[in-house]
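First comes the structure, then the notes that go with it.
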Amino acid sequence: MYKLGFLLILVMGMSVIPFSFSEEIPDWVKYTAQWWADRKISQSDFTNALESLIKDGIINIPPTEMAPPGPDKTIPDWVRNTAGWWADDYIPDSDFINAVQYLISVGLIEVKVSTPEIVEEIVEIEKSVPLMLLVEGYDTVTPEKKFVLDVLVFNAEKYPKASPKFDRNASYTVDGVNVEIELHNEEGQIHTFSGTTKDGFLRYEILARETSQDGTLWMINNLYTVDVSVSLDGESTGKTHQFFGGANYDKGSAVVDTSWSKTVLKTVEINDSTANGPELINSDTFGTSVANIGDLNGDGVDDLAVGAADDNGSNNRGGVHILFMNTDGSVDSTEEINSSTTNGPDLASNDFFGRSIANIGDLDNNGFDDLAVGATGDNEGGNNRGAVHILFMDEDPGNGLAKAAEEINSSTTNGPDLDDDDEFGRSIANIGDFNGDGVDDIAVGADMNGANNKGAIHILFMDEDPGNGLPKAAVEINDDTANGPAINNQDKFGISIANIGDLNGDGVNDIAVGAHGADTGESGGNNAGEVHIMFMNTDGSVDSTEEINYSTENGPELAGGDNFGTSIVNIGDLDGDGVNDIAVGAEKDEMDENGDSSGGDDRGAVHIFHMNMNGSIDSTVEINDSTENGPVLDDADWFGRAVVNLGDWDGNGVNDLAVGAHGDDDSGNARGAVHILFLE
769 MYKLGFLLIL
779 VMGMSVIPFS
789 FSEEIPDWVK
799 YTAQWWADRK
809 ISQSDFTNAL
819 ESLIKDGIIN
829 IPPTEMAPPG
839 PDKTIPDWVR
849 NTAGWWADDY
859 IPDSDFINAV
869 QYLISVGLIE
879 VKVSTPEIVE
889 EIVEIEKSVP
899 LMLLVEGYDT
909 VTPEKKFVLD
919 VLVFNAEKYP
929 KASPKFDRNA
939 SYTVDGVNVE
949 IELHNEEGQI
959 HTFSGTTKDG
969 FLRYEILARE
979 TSQDGTLWMI
989 NNLYTVDVSV
999 SLDGESTGKT
1009 HQFFGGANYD
1019 KGSAVVDTSW
1029 SKTVLKTVEI
1039 NDSTANGPEL
1049 INSDTFGTSV
1059 ANIGDLNGDG
1069 VDDLAVGAAD
1079 DNGSNNRGGV
1089 HILFMNTDGS
1099 VDSTEEINSS
1109 TTNGPDLASN
1119 DFFGRSIANI
1129 GDLDNNGFDD
1139 LAVGATGDNE
1149 GGNNRGAVHI
1159 LFMDEDPGNG
1169 LAKAAEEINS
1179 STTNGPDLDD
1189 DDEFGRSIAN
1199 IGDFNGDGVD
1209 DIAVGADMNG
1219 ANNKGAIHIL
1229 FMDEDPGNGL
1239 PKAAVEINDD
1249 TANGPAINNQ
1259 DKFGISIANI
1269 GDLNGDGVND
1279 IAVGAHGADT
1289 GESGGNNAGE
1299 VHIMFMNTDG
1309 SVDSTEEINY
1319 STENGPELAG
1329 GDNFGTSIVN
1339 IGDLDGDGVN
1349 DIAVGAEKDE
1359 MDENGDSSGG
1369 DDRGAVHIFH
1379 MNMNGSIDST
1389 VEINDSTENG
1399 PVLDDADWFG
1409 RAVVNLGDWD
1419 GNGVNDLAVG
1429 AHGDDDSGNA
1439 RGAVHILFLE
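According to this note's numbering, the sequence shown holds residues 769 to 1448 in order.
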């Protein structure tokens, strides 16, 4: 109330009558104007605050004749609308000042006070701040990813003379700086952006469909240049940042970071004991799935969604924990989405919501990435047919909740053709804009129990209508698909899916699909597992398929029961050869902390593959319980159940990983955990 009265006296003094006031209008003033426009305070409170501030001498005015007030007079809607528009920067200060002048002239604002002596005010005009600009962005970006560039502006006079450091917490950042960004590729300009810094910071995020470039060519064989210029009160500066597409780029056009030493710098574990972390009970299986959901709360750090599919406290309805992260792997705060969440999913017992999660981009165009979450036990249309819930995330920065939800199941028009026990939703991946309609499409795995658990994946072409969250067409890939995978009974093809970018350079994203029940490995070990690399066409058909298993040259060392292929993720071009690399989980790998495969049971592992364009492997690195600085694991932790690319959290030029271990017992039986691996 005090702030609102202050605002209107200040504006009245500027336009209607002489006044003296020694402060600039603070940032919160426009927020207060918006509250007034939204009718969140009464007219009497408004007037009382005005009178009080004048009486206390905060604003000095001479006697002024005003129209008498009337008991039936109310503030017109057009004035309130004007206040709201001014608060949102749609109209200039003068328009809002005129509206306040009108209120005084008709007696809607009444000032009943004596007037103190006017004191002459001396206003010192501050010198323009000299600007220093720092930018941080990706060096490489894969076709399915956003490009993200962070802009930070400092007061150059106050900045330390040491080498530049991108410190968002510095006391010498400059607010309200105008930022102009132009994005070019080698063919010309494809996007422009304007904004202003808040606490010196601005984030620029751009997807293929937001540019003038053909979406099928996004990040393919092209060098990209971002020109950033900033200005404030006549001071200006600028910087240029370059990056390139992660799919088959000619490295002669850009500098490539080849710094990954194939080692782990450190590991941070998130479990039930983590400060600000998830609240779990026994058998929740936190870490069943993990997704990078982008910077949901706008603090410059990507956040995580972690599935707890069993969620034993709700009869296995399941849940998803939204973790607001810090760059050191610690957790700032946590929210949970489950059957009790307002506007959340409609769940029943044994739905196992959270069995899979994927960031599907900003489907409803509200500025926040949305989520697709699998619920393999959903009984819509039949027993355990499964479903995928599309969660449209709320615009309120940092609340971590959904504003609406849509379900795709056996009954969905244009959706998947499902049978009992298919368990649709075993895995989900954002495969980018396959068909070039400007909307990201998704791939969803299913067990296909009716086909003896051979497995399948469904390509869902999503509707262009922003926010409906439904498919307009679906294509199934199984053992009958031309040029598709060779699948046997119990292979469980589709347990995992990843968009690996355009591996072969034909302009279409390719996908990797896990089949962790495949009987490969030494001596044909049962459930050793395999991964199918599928080179795709834009209509969802398959051009060709390659397999990665125990017999693959330069591939993984596997044994029966490893369940290699449980999870897959595109980790970018780690070795700098212009081809995206992948990480694959083997949740039941039996390596223990001494490197003895006979000494541990189901501890798990992650295999990192440096890929070639044809789907073959250049080299392999395994991360397990014996890896220096790697995860500390116990029997039945099932490390590798989920794996996700975090981007470069610690700023050393190498992407980092989050790995789920849903059987972790550190704080209780199978409560689960997620390990943050900082790669070096």
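Each residue gets a CB set at the ideal place from its N, CA and C atoms; glycine is no exception.
8 Å CB neighbourhood of ASP1274 in its chain, flanking five on each side removed: Here residue 1274 refers to the residue found at position 506 of the sequence shown. The answer, listed in chain order, is PHE1303, ASP1311.
Residue closest to GLY1419, alpha-carbon to alpha-carbon, out of ASP1231, GLY1068, SER1107: Position 651 of the sequence shown holds residue 1419. GLY1419 has its Cα closest to that of GLY1068, out of ASP1231, GLY1068, SER1107.
Three-state secondary structure assigned by DSSP to LEU1342: Here residue 1342 refers to the residue found at position 574 when the sequence shown is read from its first residue. Coil.
Cut-off 6 Å between Cβ atoms - residues of its own chain near GLY1285, not counting five sequence neighbours on either side: Locating residue 1285 in the sequence shown gives position 517, where the first residue counts as 1. Result list for GLY1285: GLN1258, ASP1259, LYS1260, ASN1295, in chain order.
Nearest-angstrom beta carbon gap, LEU991 and GLU955 [assumed within contact, 8 Å]: Here residue 955 refers to the residue found at position 187 of the sequence shown. Here residue 991 refers to the residue found at position 223 of the sequence shown. At roughly 10 Å, the Cβ-Cβ gap does not stay under 8 Å, so GLU955 and LEU991 are not in contact.
Sub-8 Å separation of ALA1351 and VAL1411 beta-carbons: The count along the sequence shown starts at 1 and reaches residue 1351 at position 583. The count along the sequence shown starts at 1 and reaches residue 1411 at position 643. In this structure, VAL1411 lies closer than 8 Å to ALA1351 by Cβ.
Exposure label - ALA1073; buried when at least 16 CB within 10 Å: Within the sequence shown, residue 1073 is the residue found at index 305, counting from 1. That one is buried.
Outcome for VAL1442 when other beta-carbon atoms lying within 10 angstroms are tallied against a minimum of 16: Residue mapping note: residue 1442 aligns to position 674 of the sequence shown, counting from 1. Under this definition VAL1442 is a buried residue.
TRP846 burial status per 10 Å Cβ neighbour count (16 or more: buried): The residue labelled residue 846 in the question sits at position 78 within the sequence shown. When all chains shown are included, TRP846 counts as exposed.
Any 3 or more C-beta pairs closer than 8 Å across the stretch 1092-1102 and the stretch 1131-1151: no
Range covered by the beta strand (DSSP E) that runs through VAL1281: Residue numbering aside, residue 1281 sits at position 513 when the sequence shown is read from its first letter. 1278-1283 is the extent of the beta strand (DSSP E) around VAL1281.
Residue of ASN1083, GLY1013, VAL1212, ASP1369 minimising C-alpha distance to GLY1346: Here residue 1346 refers to the residue found at position 578 when the sequence shown is read from its first residue. With distances taken between Cα atoms, GLY1346 lies closest to GLY1013.
Contacts around ILE974, its chain only, beta-carbon distance under 7 Å, and the 5 residues preceding and following it disregarded: Taking the first residue of the sequence shown as position 1, residue 974 is located at position 206. If we look at ILE974 and ignore the five residues flanking it on each side, its Cβ neighbours are LYS914, PHE915, LEU951, HIS959.
Cα-Cα separation, ASN1039 to LEU1000: Your numbering for residue 1039 matches position 271 in the sequence shown. Your numbering for residue 1000 matches position 232 in the sequence shown. Approximately 46 Å, taken between the alpha carbons.
3 or more residues per run - each beta strand (DSSP E) lying fully within the stretch 927-1002: 946-953, 956-964, 969-974, 991-1000
Per-residue burial, GLU1191 [other beta carbons within 10 Å of its own, 16 or more giving buried]: Position 423 of the sequence shown holds residue 1191. With 16 or more other Cβ atoms within 10 Å, it is buried.
Of the residues VAL1156, ILE1265, LEU1342, LEU901, the one placed nearest ASN923, counting alpha carbons only: By 1-based counting over the sequence shown, the position of residue 923 is 155. Of the listed residues, the one whose Cα sits closest to ASN923 is LEU901.
DSSP three-state assignment for ASN1295, whether helix, strand or coil: Your numbering for residue 1295 matches position 527 in the sequence shown. ASN1295 falls in the coil class under three-state DSSP.
Given 8 Å, three or more beta-carbon pairs between the stretch 1126-1139 and the stretch 1195-1209: yes
Distance between beta carbons of ASP1403 and ASP1369, contact taken as under 8 Å: Position 601 of the sequence shown holds residue 1369. Position 635 of the sequence shown holds residue 1403. Indeed, because the Cβ distance is near 4 Å, the residues count as touching under 8 Å.
Contact set for ALA938: own chain, Cβ-Cβ below 7 Å, skip 5 residues either direction: Counting from one through the sequence shown, the residue named residue 938 turns up at place 170. If we look at ALA938 and ignore the five residues flanking it on each side, its Cβ neighbours are PHE922.
For GLY1213, the nearest candidate out of ASP1357, ASN1246, GLY1204 (CA to CA): What you label residue 1213 is simply residue 445 of the sequence shown in a count that begins at 1. For the residues ASP1357, ASN1246, GLY1204, the minimum Cα distance to GLY1213 belongs to ASN1246.
Among LEU1091, ASP1188, PHE1229, nearest to GLY1204 - alpha-carbon criterion: Position 436 of the sequence shown, counted from the start, is the residue given in the question as residue 1204. Answer by Cα proximity: PHE1229.
Limits of the beta strand (DSSP E) - the one that HIS1157 falls within: Locating residue 1157 in the sequence shown gives position 389, counting from the first residue. Note, HIS1157: beta strand (DSSP E), 1155-1161.
C-alpha gap between SER1108 and PRO1239, whole angstroms: In the sequence shown, counting from the first residue as 1, residue 1108 sits at position 340. In the sequence shown, counting from the first residue as 1, residue 1239 sits at position 471. Taking the straight line from one Cα to the other gives about 26 Å.
Buried/exposed call for THR1181, threshold 16 Cβ in 10 Å: By 1-based counting over the sequence shown, the position of residue 1181 is 413. That one is exposed.
Beta-ladder partner(s) of GLY1353, from DSSP: Position 585 of the sequence shown, counting from 1, holds the residue named residue 1353. Partner(s): SER1335, VAL1374.
Burial state of GLU1298 (16 or more Cβ within 10 Å): In the sequence shown, counting from the first residue as 1, residue 1298 sits at position 530. With 16 or more Cβ atoms within 10 Å of its Cβ, GLU1298 is classed as buried.
Reduced DSSP secondary structure (H/G/I, E/B, other) of ASN1198: Numbered from its first residue, the sequence shown carries residue 1198 at position 430. Three-state result, ASN1198: strand.
Beta-carbon proximity list for PRO898, same chain, < 8 Å, skipping 5 on both sides: On the sequence shown, position 130 is the one that residue 898 refers to. Closer than 8 Å at Cβ, skipping near neighbours: ASN923, ALA924, GLU925, GLU1003.
Integer Cβ distance of ILE1105 from LEU1159, believed to fall under 8 Å: Numbered from its first residue, the sequence shown carries residue 1105 at position 337. Numbered from its first residue, the sequence shown carries residue 1159 at position 391. Sure, about 7 Å apart at Cβ, within 8 Å.
SER1384 in three-state terms, based on DSSP: The residue you call residue 1384 lines up with position 616 of the sequence shown. SER1384 falls in the coil class under three-state DSSP.
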